[in-house]
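Step one of this worksheet: look at the structure below.
Written out as structure tokens, the structure is:
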């Protein structure tokens with residue numbers, strides 16, 4: 001006898017609306033496809049919103065670094081002090097930094113996603129790292145807010161959660177095994193597919209590698225649906241992304257412009273240079289005026305005003321992530337930045353109303369109310385869990 005119902009929620013990183021609407025993708029399975037407004041920031045912002053249904057100012061996640069020298073977990077690290085002595089020509093290499101990241105993460109006991117990226121070792125003691133805990137485990141959110149996984153746990157739902165650290169094929173295999181397990185009755189599955197993001201960063205949006213990957217997802221999900229239907233009477237499918245991807249057509253060295261000003265890092269100001277924005281903390285009188293007037297003359301971007309910060313949900317009450325955000329124009333990449341030194345073909349984290357930023361949502365089910373933004377995905381997933389709970393209670 002078949003099991004009753006399973007809801008498959010498939011998260012394909014960076015599979016935005018511009019891609020979904022232009023490439024064949026499960027066209028005979030997904031009766032509804034639509035654009036979905038993203039959240040300002042990066043995956044470190046978007047993923048907590050998907051899981052919690054909250055905006056960044058409420059769940060407490062945004063970018064990985066926040067100026068906080070008093071609470072910096074890096075300030076007493078002997079390993080970091082030793083790495084400051086290593087020549088930059090060596091310590092700036094990606095391989096070295098990846099190894100250093102693993103060592104620091106183990107020393108600190110963090111369970112969340114951790115990477116120091118291109119942040120200079122000498123600057124690390126000025127900053128706190130903001131994703132210390134695994135978002136998918138209980139207590140993973142900075143705000144302490146519950147996630148959809150917590151909701152499933154609290155209601156004793158037999159659910160499948162893929163491991164964000166594992167390759168896609170491995171997670172697909174584990175999900176198939178869980179669906180076929182006669183000792184289980186998985187009614188809700190959350191499958192995270194991460195590789196598209198890396199492909200788009202490397203090749204941009206129009207490369208053949210992108211089309212090939214979308215076709216691969218199509219094949220893999222068809223196989224998954226076929227297996228699920230052999231085990232369950234009803235299979236419900238939801239596919240969504242966290243953001244799109246913008247092709248890069250310009251790089252800009254903002255860091256050197258700021259560093260030429262007669263200001264001292266850590267005394268007059270502090271800054272984090274993300275891939276698509278620079279975030280500033282003004283520590284002494286005069287620093288704000290000097291930085292805002294200097295950058296205000298540039299054509300590569302603009303400072304966000306308070307109204308836009310509020311509309312986009314990043315008006316953090318304590319200015320934890322910066323007193324001012326200088327956002328680059330879509331297609332412009334900060335090089336160098338604290339994220340990297342080499343240009344990429346694609347990037348996300350631009351204005352959320354730019355067409356290439358928009359995420360995507362699709363489902364096999366008829367929609368009574370369409371989601372508008374990433375935070376609406378929580379209610380969709382909660383509705384799937386509630387449906388399964390209702391079905392089990394009626395049996």
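Numbering (the working numbering), first residue to last: 1 to 395. Ideal Cβ placement from N, Cα and C applies to all residues, glycine included.
Pairwise C-alpha distance: residue j and residue i
i: residue 7; j: residue 235; result: 6 Å
i: residue 24; j: residue 240; result: 15 Å
i: residue 128; j: residue 78; result: 17 Å
i: residue 19; j: residue 232; result: 31 Å
i: residue 228; j: residue 26; result: 16 Å
i: residue 250; j: residue 116; result: 25 Å
i: residue 5; j: residue 35; result: 27 Å
i: residue 113; j: residue 21; result: 31 Å
i: residue 147; j: residue 297; result: 43 Å
i: residue 54; j: residue 352; result: 16 Å
i: residue 285; j: residue 334; result: 27 Å
i: residue 177; j: residue 162; result: 12 Å
i: residue 32; j: residue 380; result: 14 Å
i: residue 306; j: residue 149; result: 33 Å
i: residue 342; j: residue 160; result: 37 Å
i: residue 378; j: residue 9; result: 11 Å
i: residue 294; j: residue 302; result: 11 Å
i: residue 355; j: residue 222; result: 29 Å
i: residue 217; j: residue 364; result: 16 Å
i: residue 331; j: residue 348; result: 9 Å
i: residue 75; j: residue 183; result: 49 Å
i: residue 283; j: residue 209; result: 46 Å
i: residue 389; j: residue 194; result: 29 Å
Residue environment, residue i, which counts as buried when at least 16 other CB atoms sit within 10 Å
i: residue 171; result: buried
i: residue 88; result: exposed
i: residue 189; result: buried
i: residue 346; result: buried
i: residue 213; result: buried
i: residue 267; result: exposed
i: residue 56; result: buried
i: residue 238; result: buried
i: residue 226; result: exposed
i: residue 157; result: buried
i: residue 205; result: buried
i: residue 69; result: exposed
i: residue 97; result: buried
i: residue 131; result: buried
i: residue 167; result: exposed
i: residue 28; result: exposed
i: residue 304; result: buried
Assigned secondary structure, residue i (DSSP; H/G/I helix, E/B strand, else coil)
i: residue 132; result: coil
i: residue 106; result: helix
i: residue 49; result: helix
i: residue 350; result: coil
i: residue 93; result: coil
i: residue 389; result: helix
i: residue 4; result: strand
i: residue 34; result: strand
i: residue 54; result: coil
i: residue 366; result: coil
i: residue 191; result: strand
i: residue 303; result: strand
i: residue 116; result: coil
i: residue 84; result: coil
i: residue 206; result: coil
i: residue 12; result: strand
i: residue 378; result: helix
i: residue 67; result: strand
i: residue 42; result: coil
Check: residue i C-beta below 7 Å from any heavy atom of the ligand SAM
i: residue 386; result: The ligand SAM is not part of the structure shown, which contains no ligands of any sort.
Chain D within 8 Å of residue i, Cβ atoms only
i: residue 18; result: Given the protein chain composition of this structure (a single chain), no chain D is represented.
- Message: To test your reading of the DSSP string, which unbroken beta strand (DSSP E) runs of 3 or more residues are found completely within the stretch 234-299?
- Response: Runs of the beta strand (DSSP E) lying entirely within the stretch 234-299, each at least 3 residues long, are 250-252, 269-273, 277-282 in chain order.
- Touching or not, the stretch 76-92 and the stretch 38-46, by the rule of three or more beta carbon pairs under 8 Å? They do not touch, by the three-pair rule.
- Query: So, do the stretch 136-143 and the stretch 366-385 have three or more beta carbon pairs nearer to each other than 8 Å?
  - Reply: no
- Task: Spell out a yes or no on whether the stretch 358-368 and the stretch 240-250 are touching, meaning 3 or more CB-CB pairs, one atom from each, closer than 8 Å.
- Result: yes
- Query: Which parts of the stretch 307-341 are runs of the alpha helix (DSSP H), unbroken and 4 residues or longer, counting only runs that do not cross its ends?
  - Reply: Here no run is fully enclosed.
- Query: Can at least three beta-carbon pairs, one atom from the stretch 307-317 and one from the stretch 274-292, be found at a separation below 8 Å?
  - Reply: No: the two stretches stay apart, fewer than three of their Cβ pairs being nearer than 8 Å.
- At least three beta-carbon pairs within less than 8 Å, the stretch 317-329 to the stretch 272-285: yes
- Taking one C-beta from the stretch 380-388 and one from the stretch 56-63 each time, how about it: are there three or more such pairs within less than 8 Å? no
- Does the stretch 193-201 come close enough to the stretch 146-153 that 3 or more CB-CB pairs lie under 8 Å? no
- Item | alpha helix (DSSP H) runs wholly inside the stretch 122-189, at least 4 long, in chain order | 148-154, 168-180
- Specify whether the stretch 335-343 and the stretch 257-266 touch according to this definition: at least 3 beta carbon pairs, one from each stretch, less than 8 Å apart. no
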